[in-house]
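**Q** Numbering follows our numbering, with no gaps: position 24 of the sequence shown is 21. The C-beta atom is built at its ideal place from N, Cα and C for all residues, glycine as well. No experiment lies behind these values; they were computed from the predicted model shown.
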Amino acid sequence: MDELEIREYHEADFDTLCQIHDQARKQELEAANLSEAFKPLKIAAYEEDLFSYTIYVGQKDKKVIGFVAFSDDELAWLYVDPNFQKQ
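Rendered as structure tokens:
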């Protein structure tokens, strides 16, 4: 099994984070019967100040498969590509 590598977020990761967030967030909201609350990351990142947090990405074989954003007192974002969930 490939090992998970954790590294700091790079600006070039943003499009991949959008894909991961949008798939996983839709899944999350559907489970809560709140699908109408969905906002794509390209909008939510700025409205909810994603870049004010420390951001790390998880990757396997150099492919980003998830991300986390946090501050000293808050875990604000945590999303994993649905194809890699439960691993």
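Can the beta-carbon of Tyr50 be found closer than 7 Å to that of Ala29?
**A** Taking the first residue of the sequence shown as position 1, residue 50 is located at position 53. Taking the first residue of the sequence shown as position 1, residue 29 is located at position 32. Not in contact: Tyr50 and Ala29 (Cβ atoms no closer than 7 Å).
**Q** Check this for me: beta carbons of Asp58 and Pro37, under 7 Å apart or not?
**A** Locating residue 58 in the sequence shown gives position 61, counting from the first residue. Locating residue 37 in the sequence shown gives position 40, counting from the first residue. No.
**Q** So what does DSSP say about Leu31, is it helix, strand or coil?
**A** Locating residue 31 in the sequence shown gives position 34, counting from the first residue. In the structure shown, Leu31 sits in coil (DSSP, three-state: anything other than H, G, I, E or B).
**Q** Short check: CB of Ala21 to CB of Pro79, under 7 Å?
**A** Here residue 21 refers to the residue found at position 24 of the sequence shown. Here residue 79 refers to the residue found at position 82 of the sequence shown. Yes; because the gap between Cβ atoms is below 7 Å, this pair is in contact.
**Q** What did DSSP end up calling Leu38 once you bin it into helix, strand or coil?
**A** Walking along the sequence shown from the start, residue 38 turns up at place 41. DSSP places Leu38 in helix when its eight states are reduced to three.
**Q** Assign Phe64 to one of two classes, buried (16 or more other C-beta atoms within 10 Å of its C-beta) or exposed (fewer than that).
**A** Here residue 64 refers to the residue found at position 67 of the sequence shown. So Phe64 ends up on the buried side.
**Q** Return helix, strand or coil for Glu71, following the three-state DSSP convention.
**A** The residue you call residue 71 lines up with position 74 of the sequence shown. It is coil, neither helix nor strand.
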